[in-house]
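Taking our numbering, I'd label the letters of the sequence shown as residues 3 to 181. Just so it is clear, CB atoms sit at the ideal spot from N, CA and C, and this is done for glycine as well.
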Amino acid sequence: MNHKGSIRLETKRIVLRKLKVSDAEQVFKNWASDDEVSKYMRWTTHKSMKDTVNWLKEEEKNYKKHNYYTWGIELKETKELIGSISALYRKGEKRYEIGYGIGKKYWRQGYTTESLKRVMDFLINEVGIKKFRCAHAKLNPVSGIVMQKVGFKYVKDDYSESFDKTKKYESKVYYLDIK
Ligand SMILES: CC(C)(COP(=O)(O)OP(=O)(O)OC[C@H]1O[C@@H](n2cnc3c(N)ncnc32)[C@H](O)[C@@H]1OP(=O)(O)O)[C@@H](O)C(=O)NCCC(=O)NCCS
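Have a look at this one:
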């Protein structure tokens, strides 16, 4: 494995880059404070900018690890930060788990698919990761469409809960394996 950390990546419309504490205002306003975005995510809605600053401080620390992958999704045209995408190692399954979320205003414009394709290309072809996992709540099938678009295959039903254990939901698990 040739780990490189969350280095800057680009697509036609998007820059994928590390998040920083100075992004707090945009992160809070564009997605982290929205219940509709967090509804099926493992994190809970940020109640104030303090929550966002605390999260970004953690991210800044995490970036010191060479195998830590979380990018902010920035639009080239407007420089707006619209969401984030990550690939985090799950020890139990020995797989990198993909997660993503973007602000409501930016849904349905292909941004997540475009970002995920670039992230997968980087992780597979430049880092050498071969086993991936992705899961979505059964009540959130749209997320499964994005997974299928980049080649993930459904493997099983499961059960997920948020980090703080206040949200629990049935989920569908997908894998992508590189031979
Ligand atoms: C799920 C989510 C990331 C999708 O992001 P997005 O940028 O809107 O997705 P894309 O535009 O790349 O859509 C890819 C495909 O999914 C389908 N899709 C996306 N949103 C849809 C919607 N609201 N209704 C129906 N189909 C939808 C479409 O088939 C779309 O392709 P098309 O536009 O070419 O037809 C976004 O809705 C989101 O952030 N939701 C909240 C957080 C979340 O649920 N994260 C995933 C947790 S597992």
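For the alpha helix (DSSP H) that contains residue i, what are its first and last residues?
i, result
"Lys1", "Since the first residue of the chain shown is 3 and the last is 181, residue 1 is not available in this structure."
"Lys151", "Pro143 to Lys151"
Give me the residue from the options with the minimum Cα distance to residue i.
i, options, result
"Gly130", "Trp33, Val121 and Lys31", "Val121"
"Ser86", "Leu118, Lys78 and Gly94", "Leu118"
"Leu77", "Lys96, Arg19, Trp57 and Tyr65", "Arg19"
"Lys133", "Ser50, Tyr176, Ala139 and Trp45", "Tyr176"
"Phe154", "Tyr98, Tyr42 and Arg10", "Tyr98"
"Leu141", "Lys93, Leu21, Asp159 and Lys181", "Asp159"
"Phe30", "Ala89, Met3, Ile84 and Trp73", "Ile84"
"His138", "Tyr108, Tyr102 and Arg110", "Tyr102"
"Tyr108", "Ala26, His5, Asp36 and Lys63", "Asp36"
"Lys49", "Glu62, Trp33 and Pro143", "Trp33"
Enumerate in chain order the residues of its own chain whose CB-to-CB distance from residue i is below 7 Å, with the five nearest sequence positions on each side excluded.
i, result
"Lys81", "none"
"Glu95", "Arg135"
On the DSSP letters alone, give me the boundaries of the beta strand (DSSP E) that residue i sits inside.
i, result
"Ser86", "Leu83 to Arg92"
"Glu95", "Taken as a continuous stretch (DSSP letters only), Glu95 belongs to no beta strand (DSSP E), as it is neither H nor E."
"Glu27", "Taken as a continuous stretch (DSSP letters only), Glu27 belongs to no beta strand (DSSP E), being part of the alpha helix (DSSP H) at Ala26 to Val29."
"Trp33", "That residue, Trp33, is in no beta strand (DSSP E); it is neither H nor E in DSSP."
How about residue i and residue j: are their beta carbons less than 8 Å apart?
i, j, result
"Ile104", "Ile75", "yes"
"Tyr71", "Ser8", "yes"
"Leu58", "Val23", "yes"
"Arg44", "Phe165", "yes"
"Val39", "Lys106", "yes"
"Asn69", "Tyr91", "yes"
"Met51", "Ala26", "yes"
"Thr47", "Thr168", "no"
Excluding five sequence neighbours on each side, which residues of the same chain lie with their C-beta closer than 8 Å to the C-beta of residue i?
i, result
"Thr115", "Val148, Lys151 and Val152"
"Tyr161", "Lys170, Tyr171, Glu172 and Ser173"
"Glu79", "Arg15"
Does DSSP classify residue i as helix, strand or coil?
i, result
"Arg19", "strand"
"Glu163", "strand"
"Ile131", "coil"
"Thr2", "One cannot answer for residue 2 here, as it falls past the ends of the chain, which runs 3 to 181."
"Tyr42", "coil"
"Lys106", "helix"
"Asp179", "strand"
"Ile9", "coil"
For ligand 3, is there any heavy atom lying closer than 7 Å to the beta carbon of residue i?
i, result
"Met43", "Although ligand 3 was asked about, the structure shown includes only ligand 1 as ligands."
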